[in-house]
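Remarks on the structure that follows.
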Amino acid sequence: MFTGIVQGTATLSSIEDRDGMRTLTLAFPEGFCEDLTLGASVAVDGCCLTVTQLRSPTAASFDVILQSLNVTTLGSFGVGAQVNVERAAKDGAEIGGHPLSGHIDFSSDILSVRTSDTNRVLRIAIPEAFRKYVFAKGYIAINGASLTVSEVNRQEGWFEVWLIPETRRMTTFEDKTAGSRLNIEIERSTQVVVDTVREAVQESLGRLEPVLEALLKEKGLSLDDFVGVPKLPTDRK
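Okay, here's the thing in structure tokens:
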């Protein structure tokens, strides 16, 4: 498990391709690898990877299977790429963000970026299948960083997050532009609530559900707009 609080950035120092497998070697910030062992988990741009070789006090290698390369942005990395990294949380660790599994749901493009002296706003596309899980003021993980959704438009298929200066300093988001691709992990408890409520609605409405969906669509709404999720803090990055 991870907390969604990025601990620094690492540099991809080498890539080795084999049949159905890619080995990534990363150079980490000083001190990041302290007590790191073979088999340990590290979130790399939000993807949970297993240490397969310790190269030096500041470098380690990870094997990435083809499925992960296809679902995430890991397959597009080149030598020299910068990535967000976080060590696996220890028992009793403070959850400064929200619990992450490191299992990416989808990768998506930045549609636009707005920048000021104090904030950077990313508008990110949402595939239709995942729009029902994204709510304003809800959590979402982007490249391993726990962030709060500031605004969402399910009809147009996008959501926005605001990045405070500390997040911009500690992550790779400052270098992302429109068209950059990001790894997204949906917040699991929200997903469970949405799926549970939708199943209850389907059982209750039966054949009337498509009719209700059609009526709501005429008003620019959907059943997802009526799914209740826990209110979350807004004083997040």
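First residue of the sequence shown? That's 1 in full-length UniProt numbering, and the numbers climb one at a time after it.
By construction, the Cβ of each residue, glycine as well, lies at the ideal position given by its N, Cα and C atoms.
Here the structure is a predicted model, which is why all the values come from computation and not from measurement.
Secondary structure of residue i, DSSP reduced to three states
i             : result
serine 222    : coil
serine 68     : helix
threonine 172 : coil
leucine 111   : strand
alanine 88    : coil
glycine 20    : coil
valine 42     : strand
leucine 208   : helix
valine 79     : coil
glutamine 7   : coil
leucine 54    : strand
leucine 12    : strand
leucine 36    : coil
proline 233   : Since pLDDT at proline 233 reaches only 44, below the 50 mark, its modelled position is unreliable, and no value is offered.
Classification of residue i by the beta-carbon crowding that lies within 10 angstroms, buried from 16 upward
i             : result
asparagine 70 : exposed
isoleucine 5  : buried
glycine 97    : buried
glutamate 203 : exposed
alanine 129   : exposed
valine 64     : buried
valine 192    : exposed
leucine 163   : buried
glutamate 187 : buried
arginine 87   : buried
lysine 217    : exposed
C-beta contact flag for residue i and residue j at 8 Å
i                 : j             : result
phenylalanine 135 : valine 161    : no
threonine 9       : arginine 181  : no
serine 41         : threonine 50  : yes
serine 112        : alanine 214   : no
glycine 75        : alanine 125   : no
threonine 190     : glycine 138   : yes
methionine 1      : alanine 89    : yes
leucine 36        : threonine 52  : no
cysteine 48       : glycine 102   : yes
asparagine 183    : aspartate 19  : no
tyrosine 133      : valine 194    : yes
threonine 3       : isoleucine 95 : yes
Inter-residue CB distance, residue i and residue j (contact presumed, cutoff 8 Å)
i             : j                 : result
serine 146    : leucine 100       : 7 Å
glycine 80    : leucine 12        : 7 Å
arginine 120  : phenylalanine 173 : 7 Å
aspartate 105 : glutamate 185     : 6 Å
serine 222    : arginine 154      : 7 Å
glutamine 7   : valine 83         : No, glutamine 7 and valine 83 are not in contact; Cβ-Cβ is about 12 Å, not under 8 Å.
leucine 122   : isoleucine 140    : Not really, about 11 Å apart at Cβ, beyond 8 Å.
glutamate 16  : threonine 58      : The Cβ separation is near 19 Å, so there is no contact.
### Task
Quick one: which unbroken beta strand (DSSP E) runs of 3-plus residues sit fully inside the UniProt domain "Lumazine-binding" (99-197)? Chain order, please.
106-115, 120-125, 139-142, 145-153, 158-163, 181-186
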